[in-house]
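If you read the protein sequences in the order shown, they are chains P and V.
Take the numbering used here: the last position of the first sequence gets the number 311, and nothing is skipped along the way.
Take the numbering used here: the last position of the second sequence gets the number 311, and nothing is skipped along the way.
No residue lacks a Cβ here, since even glycine has one placed at the ideal position from N, Cα and C.
Protein chains: 2
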Amino acid sequence: MRPWARGCVDPVSDFKTALAETADRVTVALDALLPRADGPEKTLNSAMRYAALGPGKRLRPFLTIECGRLVQADERSLLRAACAVECIHAYSLIHDDLPSMDNDDLRRGRPTVHIAYDEATAILAGDALQTQAFEILCDEETCASPAAAVNLARRLAEVAGARGMVGGQMLDMAIEEAGEGEVDIGLITRCQRMKTGALIAFSAEAGAIIVDADKDVRTAFEGFAHDLGLCFQIVDDLLDAVGDENLTGKRLQKDADQGKTTFVTILGIDGARDHAQRLADQAKEHLEIFGSQATRLKDCVDYVLERQS
Amino acid sequence: MRPWARGCVDPVSDFKTALAETADRVTVALDALLPRADGPEKTLNSAMRYAALGPGKRLRPFLTIECGRLVQADERSLLRAACAVECIHAYSLIHDDLPSMDNDDLRRGRPTVHIAYDEATAILAGDALQTQAFEILCDEETCASPAAAVNLARRLAEVAGARGMVGGQMLDMAIEEAGEGEVDIGLITRCQRMKTGALIAFSAEAGAIIVDADKDVRTAFEGFAHDLGLCFQIVDDLLDAVGDENLTGKRLQKDADQGKTTFVTILGIDGARDHAQRLADQAKEHLEIFGSQATRLKDCVDYVLERQS
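Set out below in structure tokens:
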């Protein structure tokens, strides 16, 4: 029995409330930032809203806001930067789900965008959500300082493009097609760092970029994001292998069905669990420089480790 | 017989030489900016290079460089902004050509990206080229002033996203699917302004944004780009109807085959030609404030009007 089961506050449950509150704030802000679903091209705008405003944990925006608070970044700047991050994440999910990529029909418990609309609309909605992210970051409402805005947008471009997220998706498909024994843990780790780690790193660093924080703060967020991102991916692989489809809201057992090499196939279930735990511990250690202020972020690490969806 | 046929320099021929020289400079600069085609995700980088470095008129980069020179913007800034414009243009062509959109197998005389590679690679290469454009604009090498960089990137986002180019492509597909009589010239004009006009406007305005030019200069470029862009589209529709596939390097008669309403179906061949001529004249008038310095841009207008490809 966990220590908080008798009368104490369960930190993960407390964290979930905080996460849900942030998710709501981000959704409201995004709703105001996205184009209205009217005019002759309204289907596009409607698909963008379906993808970006639908249910979701909003873990990346949460990181942006919580890490940004540790460096006293402006709340409004953080909320808008968080919206930009969510736009990039939503765009990547739309495109990854397409028939020519992962061919997924279910996402967050709902039909994917190309199922709910059509393929062309899905591609364009993803395209426009990517643009929207840069539009938000470069809007003068986001950062008072143009230097901060341009640094944010440049860093987002670095993590989202060919050397980051998009390159990682390319690599992920190559790994899927590779034969048994052709993929080692180095390649899988590179893929994870590019595909999911890079945007998680940006999410954690955004506030530090906005306030132009010291090198040691940047390094702490970088290390934290690196370990948290890798932990997140290993848990994702574990959920695909042993998770519950009703809880995750997406198709599972896809990796096994495709004979794909993952952290789980290389490390085994127990090995992967141990590795995820080790990374979670490391992620928390990076936050030590912030002392007790980082409690909520440490709870976030536990949540990532223990999540069922 | 044209006046320059006896001994004089043909301005359109002279212009074509200048256009080709600029195209070469832009291609060399882009070659250096795009990720190398190596590493495990090299297919992505190779597809990006195939799309962005292949043959092309580079008309938009030409506008960026020539308009920017009229306001004495830094040459290096202009060349890099021109590369960003070409990245957005190349990405839009890749995605527009996809089977679920215009389903084109030929572009600039070569197989389209999803034919030369595959559909997933084409989608990702387009995605990464869009990101690349923002990465270039936000790199400190492009603009000495962060304020200029952020203004450039914000304006590019406005013209490229849901309210601009992507929205225009959505509208274009809706026009294709609409029945006879459901589409009027207002809707077609809106579609053109969003789909092609907006990026052409950015191309012309980039230098003025970089130097933070006066309102009258911005207005002149805006008017010029508006008329040139619309002229360009009408000529495009004319080429599709009566052009030569060997010269254009892409499939023609597509509009007629699909029963699509265009400027040509509404205005007729002669009416469309007259309208294009009128727009070309207007475009030149907007350049009067620059006097003889704008000669090359006026030649560009003639080229757009008279082009066969």
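Judging by CA-CA distance, which residue of the options is the nearest neighbour of residue i?
| i | options | result |
| --- | --- | --- |
| T250(V) | K59(V), G70(V), A210(V) and L139(V) | K59(V) |
| S39(V) | A53(V), F292(V) and V28(V) | One detail in the question is off: residue 39(V) reads as Ala in this sequence, not Ser. Ranking A53(V), F292(V) and V28(V) by Cα distance to A39(V) puts A53(V) first. |
| K256(P) | L241(P), L269(P) and N248(P) | L241(P) |
| A285(V) | V303(V), D216(V) and T297(V) | V303(V) |
| F223(V) | A296(V), G183(V) and E182(V) | A296(V) |
| D276(P) | E137(P), K300(P), Q260(P) and L232(P) | L232(P) |
| A206(V) | V219(V), M196(V), A118(V) and D26(V) | V219(V) |
| R112(V) | P57(V), D229(V), E178(V) and L36(V) | P57(V) |
| A215(V) | N153(V), E178(V), Y305(V) and Q260(V) | N153(V) |
| Q310(P) | D246(P), L289(P), R78(P) and I271(P) | D246(P) |
| S94(V) | Q279(V), K197(V), A34(V) and L289(V) | K197(V) |
| F136(V) | G270(V), R165(V), T267(V) and L158(V) | L158(V) |
| F234(P) | E77(P), A151(P), I212(P) and V306(P) | V306(P) |
| E160(P) | A200(V), V115(V), L35(V) and S15(V) | L35(V) |
Which chain P residues sit within Cβ distance under 7 Å of residue i?
| i | result |
| --- | --- |
| F136(V) | F136, A155 and A159 |
| P37(V) | A164 and R165 |
| C140(V) | V152, A155, R156 and A159 |
| E88(V) | By Cβ distance, chain P contributes nothing, its closest Cβ being about 16 Å from E88(V), past 7 Å. |
| L189(V) | P42 |
If you run the structure through DSSP and keep just helix, strand and coil, what is residue i?
| i | result |
| --- | --- |
| L108(P) | strand |
| S15(V) | helix |
| P113(V) | strand |
| A243(P) | helix |
| V213(V) | coil |
| Y52(V) | helix |
| Q310(P) | coil |
| Q260(P) | coil |
| M196(V) | helix |
| H97(V) | helix |
| L72(P) | helix |
| A39(V) | coil |
| D26(P) | helix |
| G58(P) | coil |
| M3(V) | Below a pLDDT of 50, predicted positions are generally treated as unreliable, and M3(V), at 41, falls in that range; no measurement from the model is reported. |
| E290(P) | helix |
| S102(V) | coil |
Would you kindly check if the distance between the Cβ of residue j and the Cβ of residue i is under 8 Å?
| i | j | result |
| --- | --- | --- |
| A162(P) | T133(V) | yes |
| V73(P) | A210(P) | yes |
| L139(P) | A83(P) | yes |
| T24(V) | F64(V) | yes |
| R62(P) | E88(P) | yes |
| T263(P) | I190(P) | yes |
| T66(P) | L80(P) | yes |
| A2(P) | I96(P) | The structure shown does not extend to residue 2(P), since chain P is modelled only from 3 through 311, so no value can be given for it. |
| M167(P) | L46(V) | no |
| L299(V) | C69(V) | yes |
| H288(P) | G188(P) | no |
| A92(P) | L131(P) | yes |
| R109(P) | D99(P) | yes |
Strictly below 8 Å CB to CB, what residues from chain V border residue i?
| i | result |
| --- | --- |
| E184(P) | In chain order: nothing, as chain V lies at least about 11 Å away. |
| L80(P) | Result: empty, since nearest Cβ-Cβ is about 18 Å, beyond 8 Å. |
| A176(P) | P42, E43 and T45 |
Please list, in chain order, the chain P residues whose beta carbon lies closer than 8 Å to that of residue i.
| i | result |
| --- | --- |
| Q132(V) | D129, Q132 and T133 |
| A149(V) | P148 |
Mind listing the chain B neighbours of residue i? Cutoff is C-beta to C-beta under 7 Å, in chain order.
| i | result |
| --- | --- |
| E121(P) | Of the chains in the structure shown, none is chain B; the protein chains are P and V. |
Please compile the residues from chain V whose C-beta is within a distance smaller than 7 Å of the C-beta of residue i.
| i | result |
| --- | --- |
| T45(P) | M172 |
| H97(P) | I125 and D129 |
| A34(P) | Simply none; closest approach about 15 Å. |
Going along chain P in order, which residues have a C-beta closer than 9 Å to the C-beta of residue i?
| i | result |
| --- | --- |
| V213(V) | Neighbours of V213(V) on chain P: none; closest Cβ ~15 Å, over 9 Å. |
Interface residues of chain V around residue i at Cβ under 9 Å?
| i | result |
| --- | --- |
| V168(P) | E43, L46, L126, A127, D129, A130 and T133 |
Worksheet item: Could you give the uninterrupted runs of the alpha helix (DSSP H) lying entirely in the region 115-182 of chain P, keeping only those of 4 residues or more?
Response: Scanning the region 115-182 of chain P from its first residue to its last, the whole alpha helix (DSSP H) runs of 4-plus residues come out as 115-118, 121-140, 148-162 and 167-179.
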